[in-house]
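Protein chains in written order, with full-length UniProt numbering: chain B, 1 to 312; chain L, 1 to 604; chain E, 1 to 280. Notes for the one structure printed next.
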Amino acid sequence: MRRYRFVLFRPFQFIPVLFGISIITFILVRLIPGDPARILLGTRATPTAIANIRAQYGLDEPMWVQYLYFLKNLAAGEMGKSTLYKIDTLKLIVTRIEPTLALVVAGVVLALVIAVPFAAISARRQGTAADHAIRIVSTAGIGFPSFWLGAMLIILFAVRLDWLPVSGYGNSLGDKLLHLILPGLTIALSLSAVIARSLRAGMIAGLSSDVAVAARARGMPESVVFWRHVVPNALVPTVNLLAVNIGWLIGGTVVVESVFAVPGLGQLMVRGIFSRDYMVVQGVALTFAVATVLINFLADIVTVALDPRVEL
Amino acid sequence: MSAAEDIPPGAATAPDTPVLSVEGLTVSVRANGAERPLVEDLSFTLRRGETLAIAGESGSGKSITSLAIMGLLPPPAVRASAGRVIFGSSDLLALGEAGMRRIRGDRIAMIFQEPMTSLNPVMTIGAQLVEALREHEAISRAEARAQALAALKSVRIAQPERRLDQYPHELSGGMRQRVMIAMALALKPDVLIADEPTTALDVTVQREVLDLLRDLQRDMGTAIILITHDMGVVAEMAERVIVMRNGRMVEQGAVSQIFGTPQEAYTQELLAAVPRMGDGATRPGQPASDTTPPPVARLDRVDVRFDIRGGLLGRVTHRVHAVEHVSFDIRAGETFALVGESGCGKSTIARAIAGLVPHEGHLEVAGRVLKGLDAAGRKAIRRDVQMVFQDPMAALDPRMRVGAAVAEPLVIHGIGTEDERRARAADLFARVGLPPEAVERYPHEFSGGQRQRICIARALALNPKLIICDESTSALDVSVQARVLDLLEALKREFGIAYLFISHDMAVVENIADRLAVMYLGQIVEMGSRAQIFGNPQHPYTRRLIEAVPVPDPGHVRAPAPRLSGEVPSPIHPVGSGPRRLDLCDIGGGHLVAGDRAAKEAAA
Amino acid sequence: MSAIPLSPRWSARFGRQPMLLTGLAILGAFVAMALLAPLIAPYDPIYQDAAVKLQPPSLAHPFGTDNFGRDVLSRVIWGARIDLQIAVIGVIFPFLIGTAIGTMAGFFGGWVDALFMRIIDVVLAFPFLVLMLSIIAILGPGLGSFYIAMALVGWVSYARLIRAQILVLKTQDFAVAAASLGFSRLRIMFRHLLPNALAGSLVFVMSDAVLVLLNGAAISYLGLGVQPPVAEWGVMVAEAQGFITQAWWITLFPGLAIVTLAFGFSLTGDALADLLGVHE
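Now the structure itself:
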């Protein structure tokens with residue numbers, strides 16, 4: 001249990017990063033040229049509303065005081081009112097978390113389901129035609145743009161075959177899952193290419209490692225050598241790779257949500273940008289950053305569980 | 001007893017019948033479309049219960065032979081292309097994977113050089129033992145666990161119950177190798193192949209593991225194929241030996257015959273190159289003089305500590321006491337050796353003298369006190385002290401031509417013109433025995449011994465007063481090591497350089513040191529001339545080190561020593577406390593010995 | 001990562017690298033396509049011909065036509081100009097800035113290193129594309145904004161990579177040997193450490209080019225990068241989305257162009273990694 005002690009004190013180490021995140025999101029909006037009150041409220045704001053927001057954000061004070069106001073408002077759960085949706089940004093964000101989270105989870109799970117068997121085939125039959133094919137496809141797969149891949153999946157499965165819905169999210173659980181298949185697959189295909197390459201490299205190194213040779217020398221069948229002595233050791237760096245790529249993955253959901261019109265955080269952000277709804281842009285960026293920090297924390301816990309040598 | 005029913009165990013019961021015989025084994029590697037032999041036409045027999053050593057330098061094919069017997073050659077490039085390996089009544093090379101699997105681990109077991117990388121880091125010791133047992137015997141998990149515990153007890157590991165639930169990284173190197181041996185012998189195999197089983201271990205741990213192997217062999221009657229580069233280990237462990245070179249057998253015979261009357265020139269050279277304790281006494285030593293020459297380096301109560309930060313705020317909570325109150329002089333033109341096992345602080349001292357790690361206490365080199373020197377002073381010191389490292393490949397910038405690397409110190413210190421520097425580099429190459437045209441090549445184009453010569457040439461470039469050799473010959477084959485040691489000796493006579501020679505190898509030190517200090521846990525436990533230390537070792541740890549060295553003489557009778565499995569204490573202490581300091585007292589003629597209770601602990 | 005040297009014989013090994021040759025051939029083809037676009041494109045990429053709207057691939061229009069009657073093949077060819085530019089400019093500035101900062105952090109250590117590392121931690125906490133979009137939201141849509149955002153965000157990976165390499169190399173014997181020979185820190189840094197560290201980031205440049213290309217195209221797809229009617233592959237896919245049920249070819253071909261170019265970069269990067277002995 002001693003090795004899991006970091007779970008208690010690691011959150012304290014997030015404090016500087018969280019401060020940094022708040023500073024960057026704060027500065028982003030303040031960098032926009034023009035009157036911040038008008039920027040935050042939109043061009044059609046009433047003079048009273050402008051006076052109110054000046055008081056709430058301390059817009060007449062020096063920049064660092066404004067930052068303290070910003071923090072105070074954040075602490076109170078106030079992210080400002082969306083000019084487009086006319087409700088508080090935080091409430092708006094809460095309603096949009098579910099589809100994005102579902103998309104990320106579906107993407108990671110599907111990616112592992114695709115990547116592990118292909119990496120295993122490739123590593124165990126190194127140099128065969130199957131291995132070459134998997135290597136070429138995974139190398140090319142990294143370069144598949146998600147917006148295009150999504151569109152091609154729509155053309156194939158929704159338009160031509162008419163198996164799955166073209167876009168949207170659905171209401172019931174079953175409907176939601178049905179709607180998640182194509183966007184989840186879009187994310188998973190690109191991600192599985194990255195994972196498969198890393199896993200294959202780890203598995204090949206593992207297959208010729210001393211651990212594997214020693215296990216064979218004890219008379220272990222090749223399947224035991226592979227699944228018990230090679231794969232667990234190859235998974236550790238893959239979890240790290242997933243953690244490192246989590247930002248990339250979340251960025252991917254922004255695009256995929258646009259392609260499939262999934263009402264998630266990414267779609268909210270893109271709409272916010274087009275309608276100059278800066279409170280929303282700021283709020284979503286903040287949410288994504290905090291989520292990334294939390295997911296990395298989760299990856300640390302998984303790494304400790306997978307590898308008894310790791311001390312954090 | 002065995003799952004391989006098709007091989008009658010009776011075939012191997014009579015004492016002189018071979019349990020395993022290799023006939024005309026050839027192993028080839030395919031590279032760039034051509035087959036090249038790694039082992040050629042090798043034949044030998046292994047008798048029941050005997051130990052057969054296969055000895056040779058790197059590239060001799062000894063390890064490949066063991067993998068070929070086990071059917072574990074890395075496919076598809078390497079394969080056994082001819083010959084037979086007869087075990088019982090079957091040819092292992094023709095047996096096929098399924099048949100081989102029943103033999104491996106059960107009838108023929110193997111242990112490896114690196115116990116750390118050979119154990120699965122994410123499985124507990126117990127789980128790995130149980131897995132191996134249940135693969136070959138139809139027993140329950142509980143039975144397997146009981147057998148696993150018995151196996152750990154048989155290898156005399158401390159606290160065997162606890163080890164079952166530990167992971168490999170929680171064990172010391174010696175304990176890991178015991179676990180490997182327990183795993184290999186748990187199924188009572190007929191043959192054990194030990195591939196450099198003690199090479200990665202400290203000499204005292206090596207002694208324990210070798211003793212353990214011999215005891216277990218006596219109890220169980222297992223035949224052992226011992227693969228090693230160390231002729232001392234061969235002499236102590238084996239009854240017969242095969243000497244290999246470049247994939248071919250050079251000579252084979254009883255150990256006493258090979259060591260006593262070697263027939264082949266290569267065997268003779270190999271044995272001549274092996275450093276032996278006692279050779280140093282016959283070497284022309286320092287000319288005895290009443291006036292001791294001035295020291296090139298003087299250490300007075302030098303400490304080196306490294307901080308360990310921990311806790312929430314990253315404060316310094318513990319310190320590694322790497323070097324604790326060490327004092328000694330290195331005199332001009334002498335070879336001063338520091339010996340000790342891994343982690344004793346000998347390399348840290350070297351780095352402190354070279355000004356690479358900060359220290360406390362008084363440390364002067366060539367008359368300059370190191371502490372508080374300005375940039376110019378530090379630069380001047382660097383001219384006087386040079387280092388030669390263990391791994392010459394790592395010590396050379398891979399992207400720089402070796403001639404430029406050797407001339408680079410001259411550039412830095414602004415010595416000579418471009419042409420003069422080039423001439424000097426060529427001259428240095430000649431001094432260390434390399435052809436002048438070699439300057440144009442890159443480090444990876446040389447052999448290990450040649451690379452070390454390049455490093456020595458670079459160290460010589462500035463005419464230093466002191467060269468620090470940090471395990472500089474440890475990674476080399478013995479014949480190469482012997483030539484590099486000769487070169488160092490010749491350079492010392494020619495230029496009057498002093499060496500600080502850091503080594504774990506007592507035999508090498510005995511051969512080349514004028515004076516030496518023995519280190520344990522950051523402190524010196526004994527110091528004196530070669531004759532004093534090796535002729536009259538006083539400190540129990542010094543004795544233990546000397547006695548642990550395998551002697552390359554089959555006739556050597558080892559004094560019975562207590563068989564212990566102690567763990568080295570940690571040099572890490574909480575801030576504010578530290579190790580007990582040892583006081584050295586002179587027992588005559590400059591022979592200093594630590595006399596303290598800690599000394600007894602060190603010996604235990 | 002470890003590095004083996006580029007020996008004089010590396011040109012010999014170069015010739016035996018089918019992966020490298022294929023990768024470079026693909027990249028070369030796209031460069032040629034971009035340079036020769038006016039000569040080889042059969043039509044004007046923005047010329048709208050109402051008579052040939054949404055035509056499937058044919059001899060006259062091998063890749064078909066879009067909803068404005070523009071020739072998709074010609075637009076894909078002209079698109080190479082923009083997308084290659086995105087990949088190259090989008091990599092160069094982050095590479096230069098990141099290498100400079102990473103070198104400084106690794107060289108000075110102490111508070112300089114700590115400061116840059118904290119900044120890097122914070123920037124990396126944001127998903128890459130999210131931070132890019134936030135910056136573009138402020139600067140306004142357009143290719144210029146994209147390049148500025150790339151320079152502001154992209155340097156962190158290079159800085160981290162170079163710094164990590166230098167910290168590892170610093171402890172290796174040849175660096176210690178150089179220090180023990182009295183070489184100045186500057187010399188060790190720039191003569192011995194940086195050249196070895198750069199090998200790793202050269203490989204990274206190639207895989208980064210893939211990511212930059214994908215991001216640039218994605219941002220243009222979202223409508224925040226290159227603006228219509230300019231022929232850019234991401235924009236083309238975005239414009240095709242309204243006609244996804246009727247005209248698959250408008251979507252297919254620009255995407256294939258991205259995939260092929262990205263493949264060229266990936267192959268070259270992998271081959272360089274093998275050649276330089278760099279392992280990610």
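All C-beta atoms in this analysis are idealised placements derived from N, C-alpha and C, irrespective of residue type, glycine included.
Interface positions of the region 151-182 of chain B facing chain E (Cβ-Cβ less than 7 Å), listed along the chain: Interface annotation for the region 151-182 of chain B against chain E: A151, M152, I154, I155, V159, criterion Cβ-Cβ distance under 7 Å.
Residues that DSSP places opposite E360(L) in a beta bridge: D303(L)
is_contact[S134(E), chain B] using C-beta, thresh 8 Å: yes
C-beta neighbour in chain L for P195(E), strict 8 Å: Chain L, which has a Cβ nearer than 8 Å to the Cβ of P195(E), makes this yes.
Distance, G49(L) Cα to T17(L) Cα: 10 Å
Members of the region 190-223 of chain B that neighbour chain L once the beta carbon cut-off is set at 8 Å: S208, S209, D210, V211, V213, A214, A215, R216, A217, R218, G219, M220, P221, E222
Within 8 Å, strictly: CB atoms of T348(L) and V357(L): In this structure, V357(L) lies closer than 8 Å to T348(L) by Cβ.
First through last residue of the beta strand (DSSP E) which encompasses F501(L): In the DSSP annotation of this structure, the continuous segment of the beta strand (DSSP E) that includes F501(L) starts and ends at 498-503.
Short Cβ contact (8 Å threshold) for A475(L) with D391(L): yes
Limits of the unbroken beta strand (DSSP E) element including A55(L): 51-56
Members of the region 11-25 of chain B that neighbour chain E once the beta carbon cut-off is set at 7 Å: P16, V17, G20, I21, I24
Residues from the region 115-145 of chain B in contact with chain E, defined by Cβ distance under 8 Å: T139, A140, I142, G143, F144, P145
Alpha-carbon spacing of R9(E) relative to V402(L), whole angstroms: Model confidence at R9(E) stands at a pLDDT of 47, short of 50, so the residue's coordinates are unreliable and nothing is read from them.
Identity of the residue in R331(L), G576(L), I381(L) nearest L500(L) by Cα: R331(L)
Separation of I111(L) from residue 613(L), as counted between CA atoms: Residue 613(L) is absent from the structure shown; chain L starts at 1 and stops at 604.
The alpha helix (DSSP H) enclosing P117(B), as first and last residue numbers: 89-124
Buried or exposed (CB count within 10 angstroms, at least 16 for buried), K62(L): buried
Best match in D175(B), L199(B), M279(B), D300(B) for proximity to I87(B) [C-alpha to C-alpha]: M279(B)
Start-end ranges of the alpha helix (DSSP H) lying completely within the region 138-190 of chain L, minimum 4 residues: 141-154, 160-164, 173-185
Proximity below 8 Å, CB of A594(L) to CB of K465(L): No.
Test: D307(B) CB closer than 8 Å to a CB of chain L: yes
Enclosing alpha helix (DSSP H) for P94(E) [first to last residue]: Looking at the DSSP string, the run of the alpha helix (DSSP H) that includes P94(E) is 72-108.
Contact list for M232(B) against chain L, beta-carbon separation under 7 Å: Sequence inspection shows Pro at residue 232(B); the Met mentioned does not correspond to that position. Result: V122.
Sub-8 Å separation of V122(L) and L59(B) beta-carbons: no
Beta strand (DSSP E) segment containing V22(L), residue limits: Counted as a single uninterrupted DSSP element, the beta strand (DSSP E) harbouring V22(L) occupies residues 18-31.
Residues that F87(L) contacts on chain B, provided the C-beta gap is smaller than 7 Å: What F87(L) touches in chain B: nothing, since even the nearest Cβ is about 14 Å away.
Boundaries (first-last residue) of the alpha helix (DSSP H) holding R216(B): 210-217
Cβ-based neighbour list, V166(B), same chain, cut-off 6 Å, excluding 5 preceding and 5 following: I154, A158
Spatially closest choice to D190(L) from T417(L), E440(L), R218(L), by CA coordinates: R218(L)
Interface residues of chain L facing G200(E) [CB-CB closer than 7 Å]: Result: empty, since nearest Cβ-Cβ is about 13 Å, beyond 7 Å.
Chain-ordered neighbours of D300(L) on chain E, where CB pairs are closer than 7 Å: Those do not exist, as D300(L) stays about 22 Å from chain E at its closest Cβ, beyond 7 Å.
Cβ separation of V255(L) and P554(L), assumed to be a contact under 8 Å, to the nearest whole Å: Contact flag correct, Cβ pair sits at about 5 Å.
DSSP three-state assignment for M70(L), whether helix, strand or coil: Correct three-state label for M70(L): helix.
Beta-carbon proximity check, W148(B) vs V237(E), cutoff 8 Å: yes
Beta carbon proximity, M79(B) to chain E, threshold 8 Å: With 8 Å as the cut-off, M79(B) does not count as an interface residue toward chain E.
Beta-carbon gap between residue 620(L) and L93(L) smaller than 8 Å: An answer regarding residue 620(L) cannot be provided, because it is not within the stretch 1 to 604 covered by chain L.
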